[in-house]
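Report on one structure; see the data block that follows.
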Amino acid sequence: MWEYDPVLFSRLLTELTLTFHIIFATIGVGVPLMIAIAQWVGIRKNDEHYILLARRWTRGFVITVAVGVVTGTAIGLQLSLLWPNFMQLAGQVISLPLFMETFAFFFEAIFLGIYLYTWDRFENQKKHLLLLIPVAIGSSASAMFITMVNAFMNTPQGFELKDGVITNIEPLAAMFNPATPTKVAHVLTTAYMTSAFILASIAAWHLLRGNRHIYHKKALHLTVKTAFIFSVASALVGDLSGKFLAEYQPEKLAAAEWHFETSTHAPLVMFGTLDENNDVKNAIKIPYALSILAHNHPGAEVKGLNEFPKDEIPPLYIHYLFDLMVTIGVLLTIVSAIYWLGKQLKWKWIMSKPFLASLVAAGPLSMLAIELGWYFAEVGRQPWILRGYMKTAEAATSSGHVDTMLVAFSILYLILGIASVAVLINMFRKNPVEKELAERSLEQGGVS
Amino acid sequence: MALEIIGISVLWLFLFGYVIVASIDFGAGFFSAYSDFAKKKHILHKIIQRYLSPVWEVTNVFLVFFFVGIVGFFPKTAYYYGTILLVPASIAIVLLAIRGSYYAFHTYGKTERNWYLLAYGLTGLFIPASLSIVLTISEGGFVEKSGETLTLLYKELFVSPLTWSIVLLSITSVLYISATFLTYYANEAGDMKARELLRKYALSWSGPTILSALLIIYQLRHHNPEHYNNMFNVAWMFVVSFVFFVITIYLLWKKKRYGWAFVSLVLQYAFAFYAYGISHYPYLLYPYLTIYDGFTNKTMAIALILAFIAGFLLLVPSLYLLLKLFLFNKKYVKGQL
Ligand code: HDD
Ligand code: HEM
Ligand code: HEM
Numbered sequence: 001m002w003e004y005d006p007v008l009f010s011r012l013l014t015e016l017t018l019t020f021h022i023i024f025a026t027i028g029v030g031v032p033l034m035i036a037i038a039q040w041v042g043i044r045k046n047d048e049h050y051i052l053l054a055r056r057w058t059r060g061f062v063i064t065v066a067v068g069v070v071t072g073t074a075i076g077l078q079l080s081l082l083w084p085n086f087m088q089l090a091g092q093v094i095s096l097p098l099f100m101e102t103f104a105f106f107f108e109a110i111f112l113g114i115y116l117y118t119w120d121r122f123e124n125q126k127k128h129l130l131l132l133i134p135v136a137i138g139s140s141a142s143a144m145f146i147t148m149v150n151a152f153m154n155t156p157q158g159f160e161l162k163d164g165v166i167t168n169i170e171p172l173a174a175m176f177n178p179a180t181p182t183k184v185a186h187v188l189t190t191a192y193m194t195s196a197f198i199l200a201s202i203a204a205w206h207l208l209r210g211n212r213h214i215y216h217k218k219a220l221h222l223t224v225k226t227a228f229i230f231s232v233a234s235a236l237v238g239d240l241s242g243k244f245l246a247e248y249q250p251e252k253l254a255a256a257e258w259h260f261e262t263s264t265h266a267p268l269v270m271f272g273t274l275d276e277n278n279d280v281k282n283a284i285k286i287p288y289a290l291s292i293l294a295h296n297h298p299g300a301e302v303k304g305l306n307e308f309p310k311d312e313i314p315p316l317y318i319h320y321l322f323d324l325m326v327t328i329g330v331l332l333t334i335v336s337a338i339y340w341l342g343k344q345l346k347w348k349w350i351m352s353k354p355f356l357a358s359l360v361a362a363g364p365l366s367m368l369a370i371e372l373g374w375y376f377a378e379v380g381r382q383p384w385i386l387r388g389y390m391k392t393a394e395a396a397t398s399s400g401h402v403d404t405m406l407v408a409f410s411i412l413y414l415i416l417g418i419a420s421v422a423v424l425i426n427m428f429r430k431n432p433v434e435k436e437l438a439e440r441s442l443e444q445g446g447v448s
Numbered sequence: 001m002a003l004e005i006i007g008i009s010v011l012w013l014f015l016f017g018y019v020i021v022a023s024i025d026f027g028a029g030f031f032s033a034y035s036d037f038a039k040k041k042h043i044l045h046k047i048i049q050r051y052l053s054p055v056w057e058v059t060n061v062f063l064v065f066f067f068v069g070i071v072g073f074f075p076k077t078a079y080y081y082g083t084i085l086l087v088p089a090s091i092a093i094v095l096l097a098i099r100g101s102y103y104a105f106h107t108y109g110k111t112e113r114n115w116y117l118l119a120y121g122l123t124g125l126f127i128p129a130s131l132s133i134v135l136t137i138s139e140g141g142f143v144e145k146s147g148e149t150l151t152l153l154y155k156e157l158f159v160s161p162l163t164w165s166i167v168l169l170s171i172t173s174v175l176y177i178s179a180t181f182l183t184y185y186a187n188e189a190g191d192m193k194a195r196e197l198l199r200k201y202a203l204s205w206s207g208p209t210i211l212s213a214l215l216i217i218y219q220l221r222h223h224n225p226e227h228y229n230n231m232f233n234v235a236w237m238f239v240v241s242f243v244f245f246v247i248t249i250y251l252l253w254k255k256k257r258y259g260w261a262f263v264s265l266v267l268q269y270a271f272a273f274y275a276y277g278i279s280h281y282p283y284l285l286y287p288y289l290t291i292y293d294g295f296t297n298k299t300m301a302i303a304l305i306l307a308f309i310a311g312f313l314l315l316v317p318s319l320y321l322l323l324k325l326f327l328f329n330k331k332y333v334k335g336q337l
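Protein chains in written order, with this note's numbering: chain A, 1 to 448; chain B, 1 to 337.
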């Protein structure tokens, strides 16, 4: 029989909103940096192609910002609407970064408004570029603050809980909890990486379709180069995140690796299946790699799942989420490295259709890795909402109607998703690069 | 001063900021849509676009600031309001989402859809109406507490005359505030046709705002006598508020000093808004939650206030820059930039 369960529906609605918001949030964090890089290169090389690149990215960006803002407002309210018990408890300890985040938004919103409407107001382009710095700082800072909140949920500290009463609060200790450094660094680097790959996908798409305009080649070069740098950074920080887990959330790492018995010289298990006795089948095993990921030493001991109470172990399917994220990360690093190497060595085939196709796929794959990573991190924290203190089921609202709201928001996001894609496509189709270049009579670009 | 009072004053200030900037935004959206259907688009459209374009995102942040801040300073509100507001707040979120995205799609994406324009204009009235429900609920009588469970009494809420008076005030205020501001703005732009039309709107919505405000006070007498009696302690603030109202109307009527007319309108609302807030003291949700038992701990409160001061020092110059470049820039306002 079907039964109304507010906890289940609250989870589904939170997942839905965050899954949707994170797409726009990631773009919101990464793209201002990319715009700034393009505009800066344009000014330095005195090349109008890059300036136009920055202009066109900005135009697309405002659409994604708008959706980011409305979905962000939704999740901000939903945290209290769906998890009132959690917010009441955690709010006493972790509201500081949440509060500071709104200032970061404020800062970003003000300067974005100014930046958008002052393209032709300044004689000196550099002054206009300066306006973008607060935008980039504001959006990265907001990601940092919200990630601190999420880090706190994973490794809460900075308070004492006795009989439901919270005492000895240290807001700074709560903000700078053990999960904060790796989490913030990984979220930021992957957001920059993903944004660069998405913009690279667009350039590669035009080249693949046979439009060999130098404008697209410059765009591809700039974006893939940037993406490569941030992919390497993401992988390095990802490795550090693994070490963090081994130390502070060993059950998450063990579940991600299907590592049941505590042992030394632990192998890394990629993919595969589990049988009824929890024996791993059909997997690729990389010897010692788990010990290295966890402690930087092939002989190190890694805690296994059997050491934890049965009802405090996260769902084991997060193994696939983790593997897919890492696989995508490694593949994309390789693809962008090949591009760079090919450029240096003047390989012709990096402009061939199959290779361009792989670059087109890079953007969507990278966004998929973001989603997988978040699902891994969040599902891997279950059954806890505040690890060690409050379970997800205790945190949810008791309100009726969560199911109706789930339906309403599904429809809303569906419409928003379709509409934003349609508007973006329409916007750039109506005003292709060639037309805009002709209008500005810049066919030649600049020097370089 | 007690930390609780500082906290609620800061939040009330931002809520007031939101009421003013959002009213301008919502009303502008409504007038813009209305003028389109009434075939007066050419008169109003440009003026409204020029004002709204650079500032719409900033408007939204005021709201975010308020609801994040209130959970920070008063974590228990997350529990009380979070539990009961699921449906009304979700409706407001959906409306805000339609409105925000429409605005961006339309302005930057240059899409033209008539039904969407209609939705945009109407959300300008529905959003303030749905948000104002929270004020009604805070007056008490619409929430039932049995043991640990809280339920919102939808039927009582829906049939209460207090609800509808507050809704009425929110809608008329949106139109009045917005028309007065846009009159000033059109005047700065030297667009006399738009100015005359907007001035007419402003004058015709001024009366209804006062009437609905009186209606609310009358309802409160029966609904929440405690609050009603407290209002007399701050009666002078209501009187000052009314004086500013008269000044605004006088200036609009005489076609003089539109900027000052708007300043006086802001003061009118500020006095009334604070008088209302002060007389509501100490309740956040009558009679269950006061600012004292809902308050966060002292350490966090001080941290939040410090963060607020630091943030404020950052924001004031930035906001000044925004206003200087757009609102107070004659060339921009006139469409020469
Ligand atoms: C483009 C996206 C992307 C890519 C390519 C990677 N990750 Fe990642 N990963 C994320 C996007 C992401 C994320 C979305 O940003 C997460 C989710 C939550 C978080 O803190 O970051 C994350 C979480 C996350 C965690 C969990 C941290 C925690 O729960 O506290 C670990 C251990 C890793 N990652 C490790 C890696 C490794 C070893 C990678 C190797 C290449 C890797 N990630 C690539
Ligand atoms: C920093 C910010 C974040 C906070 C404060 C936060 C908050 C929460 C809360 C309250 C839950 C409990 C609900 C549940 O267990 O289903 C949850 C779970 C979840 N969150 Fe996060 N979240 C954050 C970031 C994200 C992001 C960016 C995503 C991206 C997609 C995400 C995805 C999820 C998912 C998928 C679950 C469900 C876990 C499950 O199904 O068991 N979260 N999060
Ligand atoms: C529970 C989690 C989250 C909450 C409560 C939340 C809240 C919000 C809110 C309220 C806004 C709109 C602000 C405005 O009015 O301007 C917003 C936008 C934004 N959020 Fe989230 N957010 C969450 C998760 C995240 C995560 C995990 C990231 C980054 C990794 C992120 C990055 C952003 C960015 C950059 C924007 C600005 C929109 C843009 O510029 O595109 N958010 N968020």
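Where is the CB? At the ideal position from N, CA and C, for every residue including glycine.
For the region 317 to 330 of chain B, the set of positions with a beta-carbon nearer than 9 Å to some beta-carbon of chain A reads Ser318, Leu319, Leu321, Leu322, Leu325 and Phe326 in chain order. Beta-carbon to beta-carbon, Leu268(A) and Leu290(A) are separated by about 4 Å, close enough to satisfy the 8 Å threshold. At the C-beta level, Leu316(A) and Trp258(A) come within 8 Å of one another. If you look at Lys353(A), you'll find it in the alpha helix (DSSP H) that goes Lys353 to Val379. Less than 8 Å divides the Cβ of Phe74(B) from the Cβ of Leu284(B). If you look at Leu386(A), you'll find it in the beta strand (DSSP E) that goes Trp384 to Leu386. Taken through DSSP and simplified to helix, strand or coil, Leu153(B) comes out as coil. Put simply, the backbone Cα of Trp119(A) is about 46 Å away from that of Ile84(B).
Under the DSSP assignment, Thr167(A) falls in the beta strand (DSSP E) whose first and last residues are Val165 to Thr167. The beta carbon of Tyr288(A) sits closer than 7 Å to those of His265, Pro267 and Pro298, all from its chain and outside the five residues before and after it, given in chain order.
The way I'd put it, the region 209 to 229 of chain A doesn't touch the region 399 to 407 of chain A; fewer than three beta-carbon pairs between them come closer than 8 Å. By the beta-carbon neighbour count (other beta carbons within 10 angstroms, threshold 16), Ile291(B) is buried.
Among the residues facing chain B, Thr155(A) is not included, as its CB has no counterpart in that chain under 8 Å away.
The way I'd put it, the region 232 to 239 of chain A doesn't touch the region 212 to 221 of chain A; fewer than three beta-carbon pairs between them come closer than 8 Å. Here Asn177(A) is buried: its Cβ has 16 or more other Cβ atoms, across all protein chains shown, within 10 Å. Chain-ordered listing is empty here: chain B has no CB closer than 8 Å to the CB of Gln249(A), the nearest sitting near 26 Å.
Identification of chain A residues near Met300(B) by a Cβ-Cβ cut-off of 8 Å yields Gln92, Val93, Ser95, Leu96, Ile169 and Pro171, ordered along the chain.
Around the beta carbon of Ile418(A), a 10 Å sphere encloses fewer than 16 other beta carbons of the protein chains shown; the residue is thus reported as exposed. Within a 10 Å sphere around the beta-carbon of Gly100(B) sit 16 or more other beta-carbons, which makes this residue buried. The three-state secondary structure of Tyr283(B), taken from DSSP, is strand. Under the 8 Å criterion on CB atoms, Tyr201(B) is classed as non-interfacial with respect to chain A. Judged by their CB atoms, Leu412(A) and Val94(B) are nearer to each other than the 8 Å cut-off. The shortest C-alpha to C-alpha distance from Val184(A) to any of Ala200(A), Ile202(A), Ser234(A) and Leu172(A) is the one to Ser234(A). Per DSSP, the beta bridge partners of Leu274(A) are Val280(A). At a Cβ-Cβ threshold of 8 Å, Ile43(A) and Leu161(A) do not count as neighbours. Nearest in C-alpha terms to Val330(A), of all of Ala104(A), Phe24(A), Phe159(A) and Met193(A), is Met193(A). At least one beta carbon of chain B lies nearer than 8 Å to the beta carbon of Ser399(A). With contacts defined by Cβ atoms closer than 8 Å, Val135(A) and Glu108(A) form a contacting pair. If you check the CB distance, Leu125(B) and Phe30(B) come in under 8 Å. For Ile313(A), the secondary structure class from DSSP, reduced to helix, strand or coil, is coil.
Secondary structure at Lys346(A): coil, using DSSP grouped into helix, strand and coil.
For Thr136(B), the nearest beta carbon of chain A is not closer than 8 Å to its own beta carbon.
With respect to the C-alpha of Tyr80(B), the residue from Val316(B), His223(B) and Gly294(B) having the closest C-alpha is Gly294(B). The alpha carbon of Pro314(A) has as its nearest neighbour, out of Gln39(A), Asp5(A) and Asn154(A), the alpha carbon of Asn154(A). Secondary structure at Ser146(B): strand, using DSSP grouped into helix, strand and coil. When secondary structure is reduced to three states using DSSP, Ile133(B) falls in the helix class.
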